[in-house]
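One structure below.
Below is the structure:
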């Protein structure tokens, strides 16, 4: 079983600048010509951000702007989200719906293409469950409020079922994996790299993926003041992320090797997981915004977030 402990609510990327970061990257740097500003980046062990860190491309790209990059590792999404909310990091990975619900000053900037095959509903290889309808009354593990929570809702809906027809068991990935292996739950809805690890390590069987059901984008968000006051820095970050995803798409073996040590996952697991990513970074289209609105509305209906969100109000067009 994988050794790294990631209890992230969702595998989404979020760029969020703290007020302190805004002041540093905005007015203060202009007053002192020789002041070197710092962009604090929160990251977890898996994903594009640790690859970007390992390659050092962002440091090179921001050097001419007098901006230093500081990388801060977080064990999980909830802690990283808290870091974004209190301003201890300027950029990081956290669930966008929950980030927006917790901090209305966050804005969507860009997204990676859909990766519906990067999340799935799994059963044990010898499970008697052969179809989604067989899940009725069964225990299904998932991370509450995550991207796979929405996948489960859509999978059930497509088969004329609802959450009330199953027994949801809310567990973070590491605990869910343990419960799944010992049979304490009948099925598990999970994302990569945990999905790929379960396939390779215990031959878990795929009952459904997000294909034809959900998009599963990876989003990039920014603090509104940061985005408006520091368009050059923001554009550099987004452009460098885009270049990194394009590099990963054509160097998947090398990318997997970069993640082997920090994640403690096998090369084959990482290779499978990376192959299912969405490559490239693009502006938020109306179609993508509407898809994200569906997710927000579904989470509000399930009382996972306290207030109804309007995604369009949080979309920023890059200058």
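In the numbering used here, the protein residues as written are 1169 to 1487. For glycine and all other residues, C-beta sits at the position ideal for the given N, C-alpha and C. All of these numbers come straight from a predicted model, not from anything done at the bench.
Give me the DSSP bridge partner(s) of residue i.
i: residue 1307; result: 1335
i: residue 1288; result: 1358 and 1377
i: residue 1239; result: 1209
i: residue 1276; result: 1389 and 1483
i: residue 1313; result: Paired residue(s): none; residue 1313 is not in a bridge.
Classify residue i as buried or exposed, calling it buried when 16 or more other Cβ atoms lie within 10 Å of its own Cβ.
i: residue 1236; result: exposed
i: residue 1328; result: exposed
i: residue 1305; result: exposed
i: residue 1294; result: exposed
i: residue 1435; result: exposed
i: residue 1231; result: exposed
i: residue 1374; result: exposed
i: residue 1474; result: exposed
i: residue 1213; result: buried
i: residue 1263; result: buried
i: residue 1323; result: buried
i: residue 1221; result: buried
i: residue 1367; result: buried
i: residue 1386; result: buried
i: residue 1464; result: buried
i: residue 1478; result: exposed
i: residue 1412; result: buried
How many Å lie between residue i and residue j at the Cα?
i: residue 1421; j: residue 1332; result: 43 Å
i: residue 1423; j: residue 1392; result: 32 Å
i: residue 1276; j: residue 1448; result: 16 Å
i: residue 1360; j: residue 1281; result: 16 Å
i: residue 1352; j: residue 1446; result: 33 Å
i: residue 1256; j: residue 1248; result: 9 Å
i: residue 1362; j: residue 1341; result: 7 Å
i: residue 1233; j: residue 1458; result: 35 Å
i: residue 1259; j: residue 1208; result: 6 Å
i: residue 1269; j: residue 1289; result: 27 Å
i: residue 1414; j: residue 1450; result: 12 Å
i: residue 1380; j: residue 1309; result: 22 Å
i: residue 1427; j: residue 1437; result: 11 Å
i: residue 1482; j: residue 1390; result: 10 Å
i: residue 1336; j: residue 1205; result: 46 Å
i: residue 1466; j: residue 1441; result: 27 Å
i: residue 1397; j: residue 1486; result: 12 Å
i: residue 1321; j: residue 1315; result: 10 Å
i: residue 1461; j: residue 1279; result: 14 Å
i: residue 1254; j: residue 1301; result: 44 Å
i: residue 1382; j: residue 1319; result: 6 Å
i: residue 1274; j: residue 1267; result: 7 Å
i: residue 1242; j: residue 1298; result: 38 Å
i: residue 1224; j: residue 1430; result: 16 Å
i: residue 1502; j: residue 1349; result: With the chain represented from 1169 up to 1487, any question about residue 1502 goes unanswered, as that position is not in the structure.
Where does residue i sit, in a helix, a strand or coil, going by DSSP?
i: residue 1252; result: helix
i: residue 1318; result: helix
i: residue 1387; result: strand
i: residue 1451; result: strand
i: residue 1433; result: coil
i: residue 1245; result: helix
i: residue 1259; result: strand
i: residue 1398; result: coil
i: residue 1477; result: coil
i: residue 1344; result: helix
i: residue 1323; result: helix
i: residue 1443; result: helix
i: residue 1143; result: Residue 1143 lies beyond the range of the chain shown here (1169 to 1487); nothing can be said about it.
i: residue 1471; result: coil
i: residue 1296; result: coil
i: residue 1202; result: Any answer about residue 1202 is weak, because its pLDDT of 35 lies below 50 and its placement is not dependable; what the coordinates show is given next. Here residue 1202 sits in coil by DSSP.
i: residue 1214; result: coil
i: residue 1268; result: helix
i: residue 1282; result: coil
i: residue 1197; result: For residue 1197, the predicted model reports a pLDDT of 44, less than 50, meaning its position is unreliable and no value from the coordinates is stated.
i: residue 1353; result: coil
i: residue 1233; result: coil
i: residue 1419; result: coil
i: residue 1366; result: helix
i: residue 1382; result: coil
My guess is that residue i and residue j are in contact by the Cβ rule of under 8 Å, so how many angstroms apart are they, rounded?
i: residue 1388; j: residue 1406; result: 7 Å
i: residue 1355; j: residue 1291; result: 5 Å
i: residue 1344; j: residue 1358; result: 7 Å
i: residue 1416; j: residue 1265; result: The pair is not a contact, with the Cβ atoms about 25 Å apart (cut-off 8 Å).
i: residue 1384; j: residue 1286; result: 6 Å
i: residue 1216; j: residue 1409; result: 6 Å
i: residue 1261; j: residue 1245; result: 7 Å
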